[in-house]
Amino acid sequence: MARTSLKRLLRGGSKRAVEDLLALVGAPVRVEDEAGKMLLGDEGAAGERHPIVLEGSTLGAVIGPPSAAPVARVLGYLGEREEEKLALADETLGRYKELTLLYDISDKLSRVLDVDEVCRMVVAEARNFLHATGASLHLVDRRRGVLEPIASTDERAKTRTLAAAHGVEGRVLKTGRAELVEDVSTTDAGASEAGVCSIMCAPLRTGETVFGVLRVTNDKRTAWTAGHLKLVTSLAGNAAAALSHAMLHRERLRQQALRHQIERFASPWVLDAAFDDRAGEGPRTVAALFCDLGELTRFADAGMEPEELMTLVRRATTTALGVLMREGATVQVSHAEMVVGLFGSESGVGPAAQAAVRAATQIARALDRRLGGFADRSPGVAITHAELPEDDASSAFFAAVGAAATLQSSADGRILVDERIAGALGPSVRSAVGDVRRVGDDERQLTGVSGNVYEVRA
Numbered sequence: 088m089a090r091t092s093l094k095r096l097l098r099g100g101s102k103r104a105v106e107d108l109l110a111l112v113g114a115p116v117r118v119e120d121e122a123g124k125m126l127l128g129d130e131g132a133a134g135e136r137h138p139i140v141l142e143g144s145t146l147g148a149v150i151g152p153p154s155a156a157p158v159a160r161v162l163g164y165l166g167e168r169e170e171e172k173l174a175l176a177d178e179t180l181g182r183y184k185e186l187t188l189l190y191d192i193s194d195k196l197s198r199v200l201d202v203d204e205v206c207r208m209v210v211a212e213a214r215n216f217l218h219a220t221g222a223s224l225h226l227v228d229r230r231r232g233v234l235e236p237i238a239s240t241d242e243r244a245k246t247r248t249l250a251a252a253h254g255v256e257g258r259v260l261k262t263g264r265a266e267l268v269e270d271v272s273t274t275d276a277g278a279s280e281a282g283v284c285s286i287m288c289a290p291l292r293t294g295e296t297v298f299g300v301l302r303v304t305n306d307k308r309t310a311w312t313a314g315h316l317k318l319v320t321s322l323a324g325n326a327a328a329a330l331s332h333a334m335l336h337r338e339r340l341r342q343q344a345l346r347h348q349i350e351r352f353a354s355p356w357v358l359d360a361a362f363d364d365r366a367g368e369g370p371r372t373v374a375a376l377f378c379d380l381g382e383l384t385r386f387a388d389a390g391m392e393p394e395e396l397m398t399l400v401r402r403a404t405t406t407a408l409g410v411l412m413r414e415g416a417t418v419q420v421s422h423a424e425m426v427v428g429l430f431g432s433e434s435g436v437g438p439a440a441q442a443a444v445r446a447a448t449q450i451a452r453a454l455d456r457r458l459g460g461f462a463d464r465s466p467g468v469a470i471t472h473a474e475l476p477e478d479d480a481s482s483a484f485f486a487a488v489g490a491a492a493t494l495q496s497s498a499d500g501r502i503l504v505d506e507r508i509a510g511a512l513g514p515s516v517r518s519a520v521g522d523v524r525r526v527g528d529d530e531r532q533l534t535g536v537s538g539n540v541y542e543v544r545a
């Protein structure tokens, strides 16, 4: 529908030009608006009514002889030019608002290190600017095959997971390309949740890895444009960078806290006991296994009573201790839940690494058997190595245990090992434990361990 009125056209230079055209007709002519009000010309003019048409709408008419028809066409042409100027002005204003939004949010995000605040800020800006009914950020949990909500403008959606392999979101996660769908019911992908009609979805990525999505939704069909999708993509890019930075900062703080905690409860006597108090009898290597069985309180059934949880943790600790002792580890337990198993070797890292990995897989399998039905997954286990110099063995020991604790904090129910441990596994151990694969670079950066990190499938 045209936004330009005939009165708006007949101003300034345009009005004088049209008056000159009317004079050339050689007969009385008048120009009137859609309501029949005369705007220009001779009030007594009579004759044919030549409509002034713009984008399917009639702005008015030129009344006069047949020779006045070109005047109506010229006025229609002037209206088209005016509409183009208005559209250009709207586009320029829209671009200015988008740039201002991106600048403002980039400035705000650059000063925020709290993950939750970053997420809340992004979804609020996306929803408000695009006049959407909902906006949300989701991170992918590849092991469970779901997109976990980390922020949403809809309170109900904050606890609603989405399938990572289905819907528009699943397609964006797979291809890494943003998508706009005016009506999800008309697509093969369909909607991942009820009540969504129009959706824009853009990937959150670090490098080539997509680790989540930004969704903007409406419950009614919405004529969003490619420009809107580009804005959502830019917001997702800003959010991904800020999230990665904030998550890395949070992880580093957690790693520092863990290292301090390790130094408080790990005792040097464990190192001496692992080598039967022998010193200076050749190069010594250790594989340090760490498992925080207190994680069961996060993974256990939400309906369990505190006493039941503590019983569950004690049972798991007893199970882990039994396995470690059978495998010949020197063990220390702190706070009744943090278990350190030390495997010493004076013939290279191989024997220690293989014994530690066997113990880790047995712990994982035993916990799965004993905790079935009580927890959705077992705590993770991490193994790192250390070569012990004769002059400062304790420092290397603390570093290995601290690195194992840091790595375990990112294990999320898996068995993670450092590169040296993975490389020391012989064919017999690999065939017994199953697949050993390298963890992606984006995830490795969050573990705080230098070098490659590997997952051992129990």
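First residue of the sequence shown: 88, per my numbering; consecutive thereafter.
For each residue, glycine too, the CB sits at the ideal point set by N, CA and C.
Just so it is clear, the structure is predicted and the values come from calculations on it, not from any experiment.
Which residue marks the beginning of the alpha helix (DSSP H) containing residue i, and which one marks its end?
{"i": "N305", "result": "Premise fails: N305 lies in the beta strand (DSSP E), T296 to N305, not in any alpha helix (DSSP H)."}
{"i": "E506", "result": "E506 to G510"}
{"i": "A453", "result": "V436 to R457"}
Closest to residue i by CA distance: which of the options is it?
{"i": "S92", "options": "S144, T293 and E542", "result": "S144"}
{"i": "P138", "options": "E130, L175, V149 and G128", "result": "V149"}
{"i": "R302", "options": "P236, E542 and Q495", "result": "P236"}
{"i": "C284", "options": "G147, A310 and I470", "result": "A310"}
{"i": "I470", "options": "G166, I450 and S239", "result": "I450"}
{"i": "E506", "options": "S497, V488 and V526", "result": "V526"}
{"i": "L97", "options": "E142, T406, L165 and Q419", "result": "L165"}
{"i": "E433", "options": "T398, M425, A473 and V504", "result": "A473"}
{"i": "T320", "options": "R402, A155 and V210", "result": "V210"}
{"i": "H218", "options": "A252, F298, N305 and G113", "result": "N305"}
{"i": "V271", "options": "H253, R264 and T262", "result": "H253"}
{"i": "L322", "options": "P115, C206, G134 and K124", "result": "C206"}
{"i": "D499", "options": "L340, D379, K124 and A213", "result": "D379"}
{"i": "G314", "options": "D359, A265 and I502", "result": "A265"}
{"i": "A289", "options": "S497, L396 and G299", "result": "G299"}
State the Cα-Cα distance for the pair residue i and residue j, rounded to the nearest angstrom.
{"i": "A374", "j": "R456", "result": "26 Å"}
{"i": "L162", "j": "R117", "result": "13 Å"}
{"i": "A440", "j": "L512", "result": "7 Å"}
{"i": "R371", "j": "A443", "result": "16 Å"}
{"i": "V259", "j": "M287", "result": "10 Å"}
{"i": "F377", "j": "E392", "result": "27 Å"}
{"i": "D478", "j": "F485", "result": "14 Å"}
{"i": "L291", "j": "L108", "result": "59 Å"}
{"i": "P514", "j": "G437", "result": "12 Å"}
{"i": "N539", "j": "H332", "result": "21 Å"}
{"i": "E158", "j": "L175", "result": "Rather than Glu, the amino acid found at residue 158 in this sequence is Val. Rounded to whole angstroms, V158 to L175 spans 26 Å at the Cα level."}
{"i": "V488", "j": "S481", "result": "11 Å"}
{"i": "S465", "j": "Y541", "result": "18 Å"}
{"i": "G367", "j": "N325", "result": "Its pLDDT being 49, under 50, G367 is placed unreliably by the model, and the measurement read from it follows with that caveat. Going by the C-alpha atoms only, they are around 55 Å apart."}
{"i": "A447", "j": "K317", "result": "47 Å"}
{"i": "L224", "j": "K102", "result": "54 Å"}
{"i": "G428", "j": "A416", "result": "6 Å"}
{"i": "G151", "j": "R308", "result": "46 Å"}
{"i": "D120", "j": "G128", "result": "12 Å"}
{"i": "R544", "j": "G232", "result": "17 Å"}
{"i": "D241", "j": "L249", "result": "14 Å"}
{"i": "T312", "j": "V202", "result": "30 Å"}
{"i": "M208", "j": "L340", "result": "22 Å"}
{"i": "V504", "j": "T273", "result": "47 Å"}
{"i": "V268", "j": "E256", "result": "11 Å"}
{"i": "E204", "j": "E212", "result": "12 Å"}
Along the beta strand (DSSP E) that carries residue i, what are the first and last residues, could you check?
{"i": "C288", "result": "S285 to T293"}
{"i": "R264", "result": "Counting along the chain, R264 falls outside any beta strand (DSSP E), and DSSP gives it neither H nor E."}
{"i": "E394", "result": "Per DSSP, E394 belongs to no beta strand (DSSP E); it is in the alpha helix (DSSP H), P393 to R413."}
{"i": "V488", "result": "Not the beta strand (DSSP E): V488 falls in the alpha helix (DSSP H), residues A480 to Q495."}
{"i": "V543", "result": "V540 to V543"}
{"i": "M524", "result": "Sequence check: residue 524 is Arg here, not Met. V523 to R525 is the extent of the beta strand (DSSP E) around R524."}
What does DSSP give as the partner residue(s) for residue i in the beta ladder?
{"i": "L226", "result": "E235 and G299"}
{"i": "V427", "result": "F377 and Q419"}
{"i": "H472", "result": "A374"}
{"i": "T221", "result": "Position check: residue 221 holds Gly in this sequence, whereas Thr was assumed. Bridge partners of G221: T304."}
{"i": "A250", "result": "V233"}
{"i": "G151", "result": "E135"}
{"i": "L503", "result": "A469 and E542"}
{"i": "T309", "result": "DSSP lists no partner for T309."}
{"i": "S331", "result": "In DSSP, S331 forms no bridge with anything."}
{"i": "T145", "result": "V140"}
{"i": "V268", "result": "I286"}
{"i": "S432", "result": "T372"}
Looking at the ligand NAD, does it come within less than 8 Å of residue i, judged from the CB to the closest heavy atom?
{"i": "Q495", "result": "Absence of the ligand NAD is noted for the structure shown, with no ligands found whatsoever."}
Check: Which runs of the alpha helix (DSSP H) fall wholly inside the segment 96-143 and span at least 4 residues, in chain order?
Finding: DSSP runs (the alpha helix (DSSP H)) wholly in the segment 96-143: 99-112.
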